[in-house]
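Accompanying notes for the structure given below.
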Amino acid sequence: MLNVDFNKLAELINQNVSGANATVNTTEDAKTDSSISVEASKIFSVVEFLKTNKEMPFNALQAVSGVDYVEWMEVCYIMAHFDLTTPRELILKVKVTDRVSPAVDSVVSLYPAANFQERECYDMFGIKFNNHPDPRRILCPDDWEGFPLRKDYVAQKVYNGMEVFPDHKMNYDDREFIVRQDMIKKAQTQAAN
Amino acid sequence: MSTNHHQTGSVKDYFADLFSGISTTVIGMWITFKYVWAVKPVSIEYPEVREVLPERARMRLFNDVQNCISCTQCAMACPVDCIYIASEKRPEGEEIKKTSNGQPIRLKLTQFTIDTALCCYCGLCTVVCPTECLTHSHDYEFSQYTIDTMKYDYLAPDVIAWRDRIVKS
Amino acid sequence: MQSKWDIGEPEKPTINSETEQLKSDLLTLNMGPQHPATHGVLRLEIWTDSEIVAHAIPHLGYLHRCMEKHAENLDYRGVIPFVDRLDYLAAMNMEWTYVAAVEKMLGTEVPRRAELIRILVAELNRIASHMMAFGTYAIDLGAFTPFLYAFDEREKILRLFEEVSGARLLYNYIWIGGVWNDWTDEQLERVANFCDVMEEEIKKYNELVSMNKIFIERTANVGVVSIEDCFAYGATGPILRGSGMKWDLRKNMPYGLYSEFDFDIPVGSSEVAGQAGDCWNRYMVRMNEVNESVKIIRQVIQKMEPGPVMGKVSKIIKLPKGEVYVRHECPRGELGVHLISDGGKTPYRLKVKSPCFTHVSMLPHIAPGQMIADLVATVGSIDIVLGEVDR
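Top line first, the protein sequences correspond to chains X, A and L.
When you number the first sequence by my numbering, it's gap-free, plus one each residue, and the end is 528.
When you number the second sequence by my numbering, it's gap-free, plus one each residue, and the end is 172.
When you number the third sequence by my numbering, it's gap-free, plus one each residue, and the end is 696.
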């Protein structure tokens, strides 16, 4: 990541946002990117601080993406600073442990860019964003069940009277496909236990 | 040249606007008019005239089953899983044939089907093929009435009979 | 006898009250999903007050293929054909971004010739994509002829791509570690000739469309996006540059070999027509970018040196545990790839930050207060590709 002193930024966040508990996730491998994790309950204040501070401001939110680690879920806020002299990039992470009704605060009032990104994150992972102005699904139909990018996702059987993945249209003679069905079942049993 | 002058609304600007409107339109019409005789048509009359495809063009897949060693590497590489291969052990004592580049064919191929309707023509399967028997042919006219007939069994006699037409020469 | 059509006394006509209602209520219109001006299957729900748009609500997902879920089940090479299908008009740039993310984690050395070829194909594809944007934008505004001229030039590029990669639109050409096939000297010579033709053509297009008074009246001072809005909504690419910010990743955060190349960044201004951030300036940034791409391509051909085009990559690719975020300048804006690996053979998570998705989210902000015809001009100047919006 460019032009960001992670330790200093984490220190700054901890000084200015009480209870943010910012930690740096460094990697031994220099090829991969580092990131900063903060408490999920403080995400709004942290993003507000990152936007408004004078030392290391970030003027744009590029993406909000979820990651499902089966035991917990993460929301990654990818932020960037558009500046001709010192462009910056940062991956900010919050951990969500509740799989049944996960929720974090919305940052739409700070960055309008988060509007669609958070809707997509809700659509794909089921993470609710408190105070979001338009908390609907965006890519899937409004009455779709389940959240597709979760690792234990199984498509619903019937949608609006139509059969989803009807047997006569599936390629069961495909060996690879059967292997992946087993993987899904394994993930399901892991999630159930 | 600035074209923002119409905002002031004076009579001079009105006529200047009018003039630039007419002159730029005439310039555009002249460019279009030149196409009447100065530019040759680029489209071809398809069924009568056919474009010569480049050598690397990726059209329908073709497997030369006589050279296939049933290694299933193509089925592994396929991102959409449209290649179905089945093979069995040769019975004892049967002669082991060799491919054109000298590899022994140890397994007996019993099924080699490609669902062309599913294929995305990415070419990943042809790259991994060790005997270069799976290739993209230059055959792009294979529309069918039903989607089931898009599944091509390359062991079927009619496909083998098409070999001369399909295989890249 | 009473006929079955006889329904007795007619009701009091209610037309007056309806017209009264029309005056006070907003009328809901659906633009799309099958509307030529939405460039695909975008549905815009527009609430209009007579001819003025009061709200515009984009409804997405008609082309949703859940490519990110597919990618989790594919090996790293198998994802490339899926990445192609994001922005099918600039597939080379899409491939390069994804491949760059994988290569960054893998630490692969890419041969110099392959890097040069990547720049060559990316810039050629940028020209092809901008030609498409130019042609369809003219169609949106009621001029059909420029579309045919633009397609003639685009066809030459696609023909070259078909010769080197084998496909016209979805190439699967840029591979992890290099590129698939090498270019011959004859093909490079044709590219050089094409550059000369392209420069002449751009001059012609500018005379034909850009400087046309009717075109300027339709697009100048329409759909203005301020630079603050660009930052707030995360807009990038020609939209950010059209608003006057001299930002281009190829220059400001150079990737590949772009730091060796000499080119300008066209920005929007009020010098010729309109004001910075309006439709005309966004459009003009694209047209000027074609000239800059031609400049880069000429330099690539000069610098081209013989050598291998594929680096050393193991047969089964396994990435180290970790994550990486890579963004590249694509014709429509910055494409970001957030790749997370758990050390296995498949990506654990692949998030694609698509520029068009971001730009569509601006529409509810810029559309209100415009005429419907101006909304068409605005959507066209943003130049979205729905394959990338819906993924």
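The beta carbon of each residue, even a glycine, is placed where N, CA and C say it ideally should be.
Because the structure is a prediction, the values reported are computed rather than measured.
Could you check whether the Cβ of residue i sits closer than 8 Å to any Cβ belonging to chain L?
i, result
"A/C123", "yes"
"A/H139", "yes"
"X/E453", "no"
"X/D340", "no"
"A/S13", "no"
"X/V442", "no"
"A/P82", "yes"
"A/T152", "no"
"X/Y446", "yes"
"X/I513", "A caution first: X/I513 carries a pLDDT of 47, below 50, which makes its placement in the model unreliable, though a value can still be read off. No, no contact with chain L."
"A/T6", "For A/T6, the predicted structure reports a pLDDT of 49, less than 50, and the residue's modelled location is therefore unreliable. A value from the coordinates is still provided. Answer yes: the Cβ-Cβ gap between A/T6 and chain L drops below 8 Å somewhere."
"X/L474", "yes"
"A/T119", "no"
"A/T35", "yes"
"X/N450", "yes"
"A/T28", "yes"
Tell me whether the beta-carbon of residue i lies closer than 8 Å to the beta-carbon of residue j.
i, j, result
"X/V435", "X/V410", "no"
"L/K658", "X/I413", "yes"
"L/A406", "L/V629", "yes"
"L/E467", "L/Q492", "no"
"L/P559", "L/R418", "no"
"L/A672", "L/A361", "yes"
"L/I479", "L/R423", "yes"
"L/G616", "L/P416", "yes"
"X/P483", "L/K374", "yes"
"X/S400", "L/K656", "yes"
"L/S548", "L/C535", "yes"
"L/N527", "L/D583", "At residue 527 of chain L the sequence reads Val, which differs from the Asn that was named. A contact, by the Cβ cut-off of 8 Å."
"X/L347", "L/G366", "no"
"X/A438", "X/N465", "yes"
"L/F439", "L/Y393", "no"
Checking contacts by CB at 8 Å: is residue i closer than that to chain A?
i, result
"L/M516", "yes"
"L/D679", "no"
"L/I519", "yes"
"L/L463", "no"
"L/P571", "no"
"L/G337", "no"
"L/G648", "no"
Among the options, which one has its Cα closest to the Cα of residue i?
i, options, result
"L/V684", "L/M397, L/C661 and L/E693", "L/C661"
"A/Y124", "A/Q114, A/I99, A/A60 and A/I34", "A/A60"
"L/G692", "L/M372, L/I362 and L/L331", "L/M372"
"L/T402", "L/A581, L/G648, L/E634 and L/R654", "L/E634"
"L/M676", "L/G542, L/H344, L/E356 and L/Y454", "L/E356"
"L/I521", "L/V572, L/W585 and L/T541", "L/W585"
"X/N356", "X/T362, X/P470, X/I371 and X/T367", "X/I371"
"A/M62", "A/I34, A/D156 and A/T138", "A/T138"
"A/P160", "A/V39, A/P50 and A/D67", "A/D67"
"L/R555", "L/M503, L/N398 and L/Q339", "L/N398"
"L/E408", "L/L513, L/L644 and L/T333", "L/L644"
"A/C74", "A/T152, A/D151 and A/C132", "A/C132"
"L/T524", "L/A678, L/L474 and L/D553", "L/A678"
Would you say residue i reaches chain X, if we count a Cβ-Cβ gap shorter than 8 Å as a contact?
i, result
"L/S666", "yes"
"L/D695", "yes"
"L/C584", "no"
"L/G286", "Because chain L spans 306 through 696 in this model, residue 286 of chain L falls outside it and cannot be assessed."
"L/V690", "no"
"L/G539", "yes"
"L/G412", "yes"
"L/R654", "yes"
"L/E373", "yes"
Check whether the Cβ of residue i sits closer than 7 Å to any heavy atom of the ligand MN, and report yes or no.
i, result
"L/A448", "Ligands displayed in this structure: none; no statement on the ligand MN is therefore possible."
### Message
What ranges does the beta strand (DSSP E) occupy inside the region 573-651 of chain L, keeping only unbroken runs of at least 3 residues that lie completely in it?
### Response
627-635 and 638-646
### Query
Which full runs of the alpha helix (DSSP H) of 4+ residues lie inside the region 372-427 of chain L, going along the chain?
372-377, 385-389 and 396-411
### Task
Select from the region 41-74 of chain A all residues with a C-beta closer than 7 Å to any C-beta belonging to chain L, and list them in chain order.
V45, P57, R59, A60 and R61
### Query
For the region 428-454 of chain L, which residues have a beta carbon sitting closer than 8 Å to at least one beta carbon of chain A?
T450
### Query
Of all the residues that make up the region 364-388 of chain X, which are near chain L by a beta-carbon distance shorter than 8 Å?
D364, K366, T367, D368 and S370
### Query
Going along the chain, which residues of the region 87-104 of chain A sit with their C-beta nearer than 8 Å to a C-beta in chain L?
none
### Task
Please name the residues in the region 389-419 of chain X whose beta-carbon is closer than 7 Å to at least one beta-carbon of chain L, in chain order.
N394, A395, L396, Q397, A398, S400, V402, C411, I413, F417 and L419
### Task
Using a Cβ-Cβ cut-off of less than 7 Å, list which residues of the region 608-629 of chain L approach chain X; keep chain order.
P625, G627, E628 and V629
### Residues, ordered as in the chain, of the region 14-26 of chain A that lie near chain L by beta-carbon distance below 7 Å
S23 and G24
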